[in-house]
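Colleague: Count along the sequence shown from 1, add 7, and you get the number used in the numbering used here.
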Amino acid sequence: MSNLKNVPLPDIGDFDEVEVIEILVSVGDTVAEDDGIITLESDKASMEIPAPFAGVITEIKVALGDKIKQNDIILTIESAESEVEIVEEVVEKVSSEPQIMSVVVPDIGDFDEVEVIEVLVSVGDTIAEEDGIITLESDKASMEIPAPFAGVITEIKVALGDKIKQNDIILTIESAESEVEIVEEVVEKVSSEPQIMSVVVPDIGDFDEVEVIEVLVSVGDTIAEEDGIITLESDKASMEIPTPFAGKVTDINVALGDKIKLGDLILNIESTGKAPTESPVEQAPTPITAPTPVVAPTPKPTPQTLDPSISTTPKGLSHASPSIRKLARELGVDLSNVTGTGQKNRVLEGDLKGYVKQIMLSGGSGSALPKTPVIDFSKFGDTETIALPRIKKLSGKHLTACWLNIPHVTQFDEVNIDKMEVYRQAQKAKGVKLTPLVFIMKGVVEALQAHPNFNASLDESGENLILKKYFNIGIAMDTPNGLVVPVIKDVEQKSLVELATELGETSAKARDGKLKPSDMQGAGFTISSLGGIGGTQFTPIVNSPEVAILGVSRSFNKPVWNGETFLPELTLPLALSYDHRVIDGAQGGRFMAELNTILREANYD
């Protein structure tokens with residue numbers, strides 16, 4: 008009995024798409040497991056993709072020059088053995104020996120190495136699933152690593168003071184689950200027909216949670232691979248999530264307005280064909296001849312119940328992850344006031360959100376805002392209530408946090424841009440259209456290179472400044488749904504024409520609501536230009552975690568006395584807002600003077 012299986016493109020690292028530069032097999036070829044099937048090339052390296060199992064090639068889905076991404080189907084293979092035969096092989100190979108499993112360092116965030124500050128177990132200890140095994144410490148936080156399964160400790164691979172990183176082996180465990188039990192699970196899974204596949208939230212970028220704003224399918228719908236199933240919206244962009252395979256929707260696990268995150272279940276599909284990466288047979292473990300790495304799970308947050316009377320007296324040092332500390336800064340919460348419910352009283356996301364919710368509901372003291380009085384405006388005349396766009400509501404919360412947490416200072420200046428305008432008009436005559444914004448972007452980068460404190464962010468302690476060696480500029484853009492700030496990356500490496508082209512393309516994506524999360528990340532400095540709309544000055548709000556923002560108003564002709572007569576000068580008003588914790592007035596003045604000189608005197612030829 009044969010078995011047709013799709014071979015998808017596996018995880019190939021931080022690449023959106025890669026090019027097929029070589030196809031190593033043909034239809035009808037017999038391949039062994041790990042034989043090369045295609046060669047891919049990115050801008051950094053080439054890589055050969057192996058077959059995950061043996062069999063005969065029945066169809067090739069890609070061609071030379073195709074651009075493909077993770078989970079795209081490469082080809083199909085008629086497996087040489089059926090699921091029953093695979094189970095029989097597993098049963099045949101199983102021995103009575105218990106499994107020796109390796110526990111490795113899980114994903115611990117944006118750290119290359121962390122130090123082992125405590126080993127919580129010894130060789131011979133019997134531990135339960137989720138028992139702590141070691142404690143790690145970075146320069147930002149400490150964290151306890153739990154055991155992913157129960158058993159007996161057979162060997163400890165780390166010692167106090169060791170520096171370890173993701174996927175390093177911590178210890179080995181003689182698992183309490185026998186291989187016979189595993190085989191029984193395999194038999195049970197492969198016998199279930201048809202196959203019910205779960206669709207979960209994929210990697211959506213640097214967002215803890217996003218809101219479901221549209222459910223595009225219903226139970227009973229038959230959908231094709233890549234059909235949209237839900238639409239999500241963050242405070243920066245909306246995105247449609249496609250199904251990774253075809254089939255019939257059996258149940259939907261999300262609803263409009265739900266907040267969901269990476270790995271959450273969206274819906275289940277009765278698959279019309281076996282999903283290659285989810286096949287129970289392919290997941291079936293084979294007898295262990297060497298320790299098998301298993302990533303230790305991250306403890307799930309547990310919501311906290313707080314007393315309505317919330318103390319704001321600091322309780323000392325708080326324990327929380329960097330992402331929780333970042334969220335606390337954005338919400339204006341002192342973490343020392345939050346009671347943690349995690350292991351060793353660690354503050355979890357649920358604890359923080361529960362604290363804020365109780366503050367708002369109780370009207371307690373702390374960092375809660377005073378309530379706005381409720382006014383019945385209809386008694387003064389006719390009124391109409393309309394809902395704010397979702398992006399406005401979400402960005403409003405972020406802007407409020409920025410305004411409350413950052414001590415703002417704004418400095419103003421005016422720049423003579425006669426020389427810039429002459430150059431722009433000369434280029435326009437040649438058919439090249441350049442807006443003043445691209446000149447300002449280049450000028451800002453040159454000023455940032457001379458004043459690196461403006462291209463920086465405070466760390467979570469507020470005691471250190473993180474200087475950014477890259478020059479990515481956020482550009483505030485007005486859209487029908489509200490303000491968005493896409494990021495133009497590596498501005499220093501691009502010409503004026505390249506920047507103008509990219510700005511045009513980015514503006515179109517912003518207007519159409521097609522910006523991706525990656526388009527909105529990584530800025531070191533932001534420019535907000537209202538020159539095309541009007542106004543003489545405004546005070547822009549610093550976009551945390553950045554420390555400065557430049558506001559650009561409408562240019563105008565200004566009479567300037569040259570000692571003998573008044574001459575018109577084309578003048579551009581600028582407003583520089585900055586975080587006074589990082590930048591003082593003298594630094595702000597020097598930055599503005601530098602930018603003024605660059606824009607006024609730069610030689611564009």
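For glycine and all other residues, C-beta sits at the position ideal for the given N, C-alpha and C.
ASP485 by DSSP, collapsed to three states: which one?
Modeller: Here residue 485 corresponds to residue number 478 of the sequence shown, with the count starting at 1. Of the three classes helix, strand and coil, the one that applies to ASP485 here is strand, per DSSP.
Colleague: Which same chain residues, not among the five before or five after ILE45, have their C-beta less than 7 Å away from its C-beta?
Modeller: Against the sequence shown, residue 45 aligns to sequence position 38. VAL27, GLU29, ILE30, LEU31, ILE56, VAL69 and ILE81.
Colleague: I'd like to know whether the C-beta atoms of LYS496 and ASN479 end up nearer to each other than 8 Å.
Modeller: Along the sequence shown, read from residue 1 onward, the residue named residue 496 stands at position 489. Along the sequence shown, read from residue 1 onward, the residue named residue 479 stands at position 472. Cβ distance < 8 Å, so LYS496 and ASN479 count as in contact.
Colleague: Counting along the chain, where does the beta strand (DSSP E) carrying ILE382 start and finish?
Modeller: As a position in the sequence shown, residue 382 is number 375, starting the count at 1. Premise fails: ILE382 is in no beta strand (DSSP E) and is neither H nor E.
Colleague: In this structure, how does DSSP classify PHE461 when only helix, strand and coil are distinguished?
Modeller: Residue mapping note: residue 461 aligns to position 454 of the sequence shown, counting from 1. PHE461: helix per DSSP, three-state reduction.
Colleague: If you run the structure through DSSP and keep just helix, strand and coil, what is SER343?
Modeller: Stepping through the sequence shown from its first residue, residue 343 is reached at position 336. SER343: helix per DSSP, three-state reduction.
Colleague: Name the two residues that bound the continuous alpha helix (DSSP H) containing GLU576.
Modeller: Here residue 576 refers to the residue found at position 569 when the sequence shown is read from its first residue. Where GLU576 is concerned, there is no enclosing alpha helix (DSSP H), although the beta strand (DSSP E) it sits in stretches over 573-586.
Colleague: Rounded to a whole number of angstroms, what is the C-alpha to C-alpha distance between VAL589 and GLU467?
Modeller: Locating residue 589 in the sequence shown gives position 582, counting from the first residue. Locating residue 467 in the sequence shown gives position 460, counting from the first residue. Distance between the alpha carbons of VAL589 and GLU467 is about 14 Å.
Colleague: Does LEU606 pass the burial test, meaning 16 or more other C-beta atoms within 10 Å, or should it be called exposed?
Modeller: On the sequence shown, residue 606 is found 599 positions in, with the first residue counted as 1. Label assigned to LEU606: buried.
Colleague: Closest by CA to GLN202, which one among GLY254, LYS437, VAL159 and LYS164?
Modeller: The sequence position of residue 202 within the sequence shown is 195, counting from 1. When only C-alpha atoms are compared, the closest one is GLY254.
Colleague: What number of angstroms, rounded off, separates the C-alpha of THR83 from the C-alpha of ILE67?
Modeller: The sequence position of residue 83 within the sequence shown is 76, counting from 1. The sequence position of residue 67 within the sequence shown is 60, counting from 1. Between THR83 and ILE67, the C-alpha separation is close to 7 Å.
Colleague: Please report the straight-line C-alpha distance between PHE214 and GLY347, rounded to a whole angstrom.
Modeller: In the sequence shown, the residue the question calls residue 214 occupies position 207. In the sequence shown, the residue the question calls residue 347 occupies position 340. Taking the straight line joining both Cα atoms gives about 22 Å.
Colleague: Identify whether ILE473 lies in helix, strand or coil by the three-state DSSP scheme.
Modeller: For the purposes of this step, residue 473 is taken as the residue at position 466 of the sequence shown. Residue state, collapsed to three classes: strand.
Colleague: Mapping DSSP to helix, strand and coil, what is THR604?
Modeller: The residue you call residue 604 lines up with position 597 of the sequence shown. Helix at THR604.
Colleague: Apply the 10 Å Cβ neighbour rule to GLU240 and answer buried if 16 or more other Cβ atoms are within range, or exposed otherwise.
Modeller: Counting from one through the sequence shown, the residue named residue 240 turns up at place 233. When all chains shown are included, GLU240 counts as buried.
Colleague: Can you list, in chain order, the residues of its chain with a C-beta nearer than 8 Å to that of ASN78? Leave out the 5 residues immediately preceding and following it.
Modeller: Within the sequence shown, numbered from 1, the residue matching residue 78 stands at position 71. Counting only Cβ-Cβ distances below 8 Å, and skipping sequence neighbours, we find PRO15, LEU16, PRO251 and THR284.
Colleague: Between SER525, ASP591 and GLY62, which has its C-alpha nearest ASP42's C-alpha?
Modeller: If you number the sequence shown from 1, residue 42 lands on position 35. For ASP42, the nearest C-alpha among the options comes from GLY62.
Colleague: Within the same chain, show all residues whose beta-carbon is closer than 8 Å to that of THR486, passing over the 5 residues directly before and after it, in chain order.
Modeller: Taking the first residue of the sequence shown as position 1, residue 486 is located at position 479. If we look at THR486 and ignore the five residues flanking it on each side, its Cβ neighbours are ILE398, ALA517, ARG518 and GLY520.
Colleague: Between LYS449 and LEU602, what straight-line distance do the alpha-carbon atoms span, to the nearest angstrom?
Modeller: Taking the sequence shown and counting its residues from 1, the one referred to as residue 449 is at position 442. Taking the sequence shown and counting its residues from 1, the one referred to as residue 602 is at position 595. Roughly 10 Å separates the two Cα atoms.
Colleague: How many Å lie between SER182 and GLY235 at the Cα?
Modeller: By 1-based counting over the sequence shown, the position of residue 182 is 175. By 1-based counting over the sequence shown, the position of residue 235 is 228. Going from the Cα of SER182 to the Cα of GLY235 covers about 41 Å.
Colleague: Closest by CA to ASP50, which one among THR65, PHE22 and VAL38?
Modeller: The residue given as residue 50 occupies position 43 in the sequence shown. When only C-alpha atoms are compared, the closest one is PHE22.
Colleague: Can you tell me which of the three DSSP states GLU499 falls into?
Modeller: Locating residue 499 in the sequence shown gives position 492, counting from the first residue. Three-state result, GLU499: helix.
Colleague: Write down the C-beta distance between GLU553 and SER464 rounded to the nearest angstrom, noting that I regard them as a contact closer than 8 Å.
Modeller: Counting from one through the sequence shown, the residue named residue 553 turns up at place 546. Counting from one through the sequence shown, the residue named residue 464 turns up at place 457. The Cβ separation is near 6 Å, so the contact holds.
Colleague: Hey, quick one: how far does the alpha helix (DSSP H) through SER182 stretch, first residue to last?
Modeller: As a first step, residue 182 must be located in the sequence shown, where it is residue number 175. Element bounds for SER182: not the alpha helix (DSSP H) but the beta strand (DSSP E), 176-182.
Colleague: Along the chain, which unbroken stretches of the beta strand (DSSP E) at least 3 residues long are found entirely within the stretch 504-564?
Modeller: If we require 3 residues or more, the beta strand (DSSP E) runs fully inside the stretch 504-564 come out as 532-536 and 555-559.
Colleague: Taking Cβ positions, are PRO153 and GLY139 nearer each other than 8 Å?
Modeller: Working through the sequence shown from its first residue, we reach residue 153 at position 146. Working through the sequence shown from its first residue, we reach residue 139 at position 132. Contact: yes.
Colleague: Buried or exposed: where does SER502 fall if 16 or more other Cβ atoms within 10 Å of its Cβ makes it buried?
Modeller: If you number the sequence shown from 1, residue 502 lands on position 495. Label assigned to SER502: exposed.
Colleague: Got a sec? Which residues, its chain only, sit under 6 Å from GLY280 by beta carbon, not counting five neighbours each side?
Modeller: Working through the sequence shown from its first residue, we reach residue 280 at position 273. Residue placement at GLY280 is flagged as unreliable, the pLDDT there being 46, under the threshold of 50; a coordinate-derived value is accordingly withheld.
Colleague: Within 10 angstroms of the Cβ of PHE573, are there 16 or more other Cβ atoms? Answer buried if so, exposed if not.
Modeller: For the purposes of this step, residue 573 is taken as the residue at position 566 of the sequence shown. It is exposed - the Cβ of PHE573 has fewer than 16 other Cβ atoms within 10 Å.
Colleague: So ILE398 is in the alpha helix (DSSP H); what residue range does that whole segment cover?
Modeller: As a position in the sequence shown, residue 398 is number 391, starting the count at 1. Per DSSP, ILE398 belongs to the alpha helix (DSSP H) from 397-412.
Colleague: Can you grab the Cα-Cα spacing for the pair THR133 / VAL226, in whole Å?
Modeller: The residue labelled residue 133 in the question sits at position 126 within the sequence shown. The residue labelled residue 226 in the question sits at position 219 within the sequence shown. Straight-line Cα distance between these residues: approximately 46 Å.
Colleague: Who are the near neighbours of PHE384 in its chain, counting only those whose CB is closer than 6 Å to its CB and skipping five residues on each side?
Modeller: Position 377 of the sequence shown, counted from the first residue, corresponds to residue 384. Counting only Cβ-Cβ distances below 6 Å, and skipping sequence neighbours, we find THR390.
Colleague: Tell me which residue opens and which closes the beta strand (DSSP E) that ASP420 is part of.
Modeller: Locating residue 420 in the sequence shown gives position 413, counting from the first residue. Per DSSP, ASP420 belongs to the beta strand (DSSP E) from 415-423.
Colleague: Helix, strand or coil: which one does DSSP assign to LEU338?
Modeller: By one-based count along the sequence shown, residue 338 stands at place 331. It is helical.
Colleague: Near GLY168, which residues of its chain fall below 7 Å by C-beta distance, leaving aside the five closest residues on each side in sequence?
Modeller: Along the sequence shown, read from residue 1 onward, the residue named residue 168 stands at position 161. Here the set comprises GLU122 and VAL123.
Colleague: Just confirm the distance between the C-beta atoms of VAL207 and ASP271, as a whole number of angstroms; I'd bet it's less than 8 Å.
Modeller: The residue labelled residue 207 in the question sits at position 200 within the sequence shown. The residue labelled residue 271 in the question sits at position 264 within the sequence shown. Rounded, the Cβ-Cβ distance is 6 Å, consistent with contact.
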